[in-house]
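Letter 8 of the sequence shown, counting from 1, is numbered 165 in the working numbering, and no numbers are missing.
So the structure is just underneath, and the comments pick up after that.
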Amino acid sequence: MSGELRTVAITLSLKEARTIDFLEKRCRVIDRDYGDGVVTLTVEAGRRHIDLMLARGTQFQIDGIPAAAYVKNRWDAIAPEAARGKPPHER
C-alpha cells in the first residue's frame with residue numbers, strides 16, 4: 158500500500174545504501190543521476206514510501222526541498238479535496 162503514486166526526484170547521500178536499496182526494491186526507478194557523493198533517483202513513489210524513509214531518520218530531499226517540508230507543504234496540499242477530512246467509508 159503506497160497510496161497515490163507521484164513521480165519525484167529524491168536526492169540522498171551515497172552513504173544511505175539501505176535507503177537506496179529500499180527505493181530500488183519498492184519503487185519504480187525511472188532515472189538515476191550520480192553526483193559527488195550523492196545520487197538523485199527519479200522514482201514513482203507513494204506517501205507511504207516517503208513516510209517510511211523519514212521514520213528511518215534518513216536525510217534526503219524531494220525535488221530539491223527537504224523531505225519533511227515537501228511532505229508538509231506540497232504532498233498534503235495537493236491531496237484531492239474530496240479526500241480531506243472524510244473517513245474512507247464516506248468517500
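By construction, the Cβ of each residue, glycine as well, lies at the ideal position given by its N, Cα and C atoms.
If you follow the beta strand (DSSP E) that residue i is in, where does it begin and where does it stop?
i    : result
R183 : Note, R183: premise wrong, no beta strand (DSSP E); alpha helix (DSSP H) at 174 to 183.
L198 : 195 to 203
L169 : 162 to 170
Q218 : 217 to 219
Can you give me the C-alpha to C-alpha distance between residue i and residue j, rounded to a whole angstrom?
i    : j    : result
L169 : E161 : 22 Å
V196 : R231 : 22 Å
K256 : V165 : For the chain, the structure presents residues 158 to 248; residue 256 sits outside this window and is missing.
Keeping to the same chain, check which residues put their C-beta closer than 7 Å to that of residue i; ignore five residues upstream and five downstream.
i    : result
R185 : V200, E201
R183 : H206
T215 : L169, E173, T176
Could you tell me how far apart the beta carbons of residue i and residue j are, in whole angstroms, since I believe they sit closer than 8 Å?
i    : j    : result
A225 : Q218 : 10 Å between Cβ atoms; not a contact.
Which residues in the same chain as residue i place their Cβ atom closer than 8 Å to its Cβ, once the five residues preceding and following it in sequence are excluded?
i    : result
L211 : A224, A225, V228
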